[in-house]
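S.K.: For the sequence shown, this note's numbering assigns the number 431 to the initial residue and increments by one for each residue that follows.
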Amino acid sequence: MSDVASAQPGRNSGSGERPPEDSSESAAAGVDAGEVVAVVGAGAMGSGIAQVAALAGHETYLVDMVAGAADAAVERLVATLNRLAEKGHLSPEAAGNAAARLHTEQDVEALPPCGVVIEAIAENLGAKRALFEQLAATQSPETVLASNTSSLDIDAIAGDVPHPGRVIGLHFFNPAARMRLVEVISGARSDEAALRRGEEYVRAWGKTTVRCTSTPGFIVNRVARPFYGEAQRMVAEGIADAATIDLALRGAGFAMGPLELTDLIGQDVNLAVGTSVWEQTDRDPRYEPTQAQRDLVAAGQLGRKTGRGVFTYVDGKATDAVPDERRARELVGGPVRTDPVARTVAMLVNEAVDLVARGEASAADVDVAMQLGTNYPRGPIEWGREIGLATVAAQLAELDAAYPGGRYRPSPALTSPPNPTDSTDPIDAPEGA
């Protein structure tokens, strides 16, 4: 489950009917298009992944234990492929060939030998572990077993399966047929060969990969938490209304304001991901969900899909999102506590720098992930360097003094200067450093 990418406008939005760039019927070097691919879970995400694999030339099996679910999903996919051909995005031959490669099963035990099996079922650890036990018992030890989870630990999913090194994470973003980013997640027991193999597959399918260890929320869903949380807190404090906060953030280059974005994502989905990260980090105050969002969810005000969230909607359009443009201009450039842009960006930079300093992802991968996965105008590491890491640290110290409790504590990577004899950037330290 991802609460970020599916809601982004512009290059990251759409019907999911557009194939990824560089998609073709010839797999890239290192991946044989003759290798069978299986996707377990025939929901929107699993179906999208199956579409991508079939378009890339693989015989692709879509599995769902609910009777008829996989067959219905393939019918929808065939209709999608036909529409792509009608619109000129695919040749009729390519659409027909991809449709012919789509197969269904109701039980993973009926699958043929596969090069990779990608799990895309509900975010339930018990269900995922049971599935991976079945897959491990029926597929070769050389088969890559990948989870599309966005919030669960890869080692926990692998459980006690034999050859746990073949279990990795391949976190696609919604819609999978269009979004180019895939987070490649390593558990403590994941083999490098399996990780590289997973990368080869998704790169052959036209995707851009980033690496991350199995840390809560991985890169995108972890680093993005402050984008929502700071806006919610500023509204609760009475600094400005929601529409005005959104306007200020859009003025800084964000495609959508955080409050309108949570309404589009769904307040319940956004809260669930935030709560998962918070719980998995031992309730670190940096990630604690806001009471305001909890109240919205408890009241059933989930955003556009219910007609009311932060804003009120009629026919999908907000009727009360009227910003105070003068107030937005006053706030930006003022004290960090009341500046929506400075406050939000400082927290994004802090989160990104901390992730890199812990050796959980590289600085380059963090920036790529946040730009492709969330459509941010800059990667947070790059943004932090432009602002100056010392300036960011000072801003966070000011916020920490105004709101004690640990949410705004600066990362040690911001406050500890590098060793003068070491030319390595402290936020570019190698993994394990």
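Positions of the beta carbon are idealized from the N, C-alpha and C atoms, including for glycine. These numbers were taken from a predicted model, which means no experiment stands behind them.
Does the beta-carbon of ASN578 have 16 or more other beta-carbons within 10 angstroms, so that it is buried, or is it exposed?
M.R.: Your numbering for residue 578 matches position 148 in the sequence shown. That one is buried.
S.K.: Can you tell me which of the three DSSP states ILE615 falls into?
M.R.: In the sequence shown, residue 615 corresponds to position 185, counting from 1. Strand.
S.K.: For VAL650, tell me which candidate among ALA831, ILE479, GLY464 and ASP795 has the shortest Cα-Cα distance.
M.R.: Stepping through the sequence shown from its first residue, residue 650 is reached at position 220. Of ALA831, ILE479, GLY464 and ASP795, the residue nearest in Cα terms is ASP795.
S.K.: Quick check on GLU790: buried or exposed, where buried means 16 or more other Cβ atoms within 10 Å of its Cβ?
M.R.: Against the sequence shown, residue 790 aligns to sequence position 360. GLU790 should be labelled buried.
S.K.: Excluding the five sequence neighbours on either side, which residues of its own chain have a C-beta within less than 8 Å of the C-beta of VAL621, listed in chain order?
M.R.: Mapped onto the sequence shown, residue 621 falls at position 191. Checking the sequence shown, residue 621 turns out to be Asp, not Val. If we look at ASP621 and ignore the five residues flanking it on each side, its Cβ neighbours are GLY595 and ARG596.
S.K.: Kindly indicate which residue of ASN700, MET475, ARG788 and VAL612 has the alpha-carbon position closest to the one of SER841.
M.R.: The residue given as residue 841 occupies position 411 in the sequence shown. Looking at the Cα atoms, ARG788 is the closest of the given residues.
S.K.: Between which residues of its own chain and VAL699 is the CB-CB distance below 6 Å, once the five residues before and five after are set aside?
M.R.: As a first step, residue 699 is located in the sequence shown; it is residue number 269 there, counting from the start. Within the same chain, VAL699 has close Cβ partners ASP433.
S.K.: Give me the Cβ distance between GLY803 and PHE603, rounded to the nearest whole Å; I'm assuming they're in contact under 8 Å.
M.R.: Within the sequence shown, the letter at position 373 stands for residue 803. Within the sequence shown, the letter at position 173 stands for residue 603. GLY803 to PHE603, Cβ: 6 Å. Contact.
S.K.: Expressed to the nearest angstrom, what Euclidean distance is found between the alpha-carbon atoms of ARG652 and LEU582?
M.R.: Position 222 of the sequence shown, counted from the first residue, corresponds to residue 652. Position 152 of the sequence shown, counted from the first residue, corresponds to residue 582. Taking the straight line joining both Cα atoms gives about 12 Å.
S.K.: What runs of the beta strand (DSSP E), each 3 residues or longer, lie entirely inside the segment 631-700?
M.R.: 638-643
S.K.: Considering only C-alpha positions, which residue in the set ALA702, ALA576, LEU694 and VAL665 is nearest to LYS747?
M.R.: By one-based count along the sequence shown, residue 747 stands at place 317. It is LEU694.
S.K.: Measuring only from the beta carbon, is ASP537 closer than 7 Å to any heavy atom that is part of the ligand MN?
M.R.: This structure simply doesn't include the ligand MN, nor any ligand for that matter.
S.K.: Measuring CB atoms only, is the segment 565-573 touching the segment 542-549, in the sense that at least three cross pairs come out at less than 8 Å?
M.R.: yes
S.K.: Can you tell me whether ARG655 is buried or exposed, with buried defined as 16 or more other CB within 10 angstroms of its CB?
M.R.: Stepping through the sequence shown from its first residue, residue 655 is reached at position 225. Under this definition ARG655 is a buried residue.
S.K.: For ALA552, count neighbouring Cβ atoms within 10 angstroms of its own Cβ and tell me buried if that reaches 16, exposed if not.
M.R.: Looking up residue 552 in the sequence shown gives position 122. The residue in question, ALA552, is exposed, as its Cβ has fewer than 16 Cβ neighbours within 10 Å.
S.K.: Using the DSSP secondary-structure output, state which residues sit across from ILE598 in a beta bridge.
M.R.: By 1-based counting over the sequence shown, the position of residue 598 is 168. DSSP output for ILE598 lists ALA576 as bridge partner(s).
S.K.: What does DSSP give as the partner residues of GLY478 in its beta bridges?
M.R.: Translated into positions along the sequence shown, residue 478 becomes position 48. Answer by DSSP bridge pairing: none, since GLY478 is not bridged.
S.K.: By DSSP, does GLY473 sit in helix, in strand, or in coil?
M.R.: For the purposes of this step, residue 473 is identified with residue 43 of the sequence shown, where counting begins at 1. Under the three-state reduction of DSSP output, GLY473 falls in the coil class, being neither helix nor strand.
S.K.: Is the segment 632-644 touching the segment 712-720 in the sense that three or more CB pairs, one from each, lie closer than 8 Å?
M.R.: no
S.K.: Write down every uninterrupted run of the alpha helix (DSSP H) in the segment 520-552 whose length is 4 residues or greater and which is fully enclosed by it, in chain order.
M.R.: 522-530
S.K.: Judging by CA-CA distance, which residue of VAL771, SER477, HIS601 and ALA820 is the nearest neighbour of GLY647?
M.R.: The residue given as residue 647 occupies position 217 in the sequence shown. Ranking VAL771, SER477, HIS601 and ALA820 by Cα distance to GLY647 puts HIS601 first.
S.K.: Answer yes or no: do ASP754 and ASP676 have a C-beta to C-beta separation smaller than 8 Å?
M.R.: Counted from its first residue, the sequence shown places residue 754 at position 324. Counted from its first residue, the sequence shown places residue 676 at position 246. Taking 8 Å as the Cβ cut-off, ASP754 and ASP676 do not qualify as a contacting pair.
S.K.: Over what stretch of residues does the alpha helix (DSSP H) that includes LEU492 continue unbroken?
M.R.: Position 62 of the sequence shown, counted from the start, is the residue given in the question as residue 492. Taken as a continuous stretch (DSSP letters only), LEU492 belongs to no alpha helix (DSSP H), being part of the beta strand (DSSP E) at 490-493.
S.K.: Helix, strand or coil for THR742? Go by DSSP, reduced to three states.
M.R.: Here residue 742 corresponds to residue number 312 of the sequence shown, with the count starting at 1. In this structure, THR742 counts as strand in the three-state DSSP scheme.
S.K.: Distance, Cα to Cα, VAL493 vs ASP585?
M.R.: Counting from 1 along the sequence shown, the entry for residue 493 is found at position 63. Counting from 1 along the sequence shown, the entry for residue 585 is found at position 155. Taking the Cα positions, VAL493 is about 23 Å away from ASP585.
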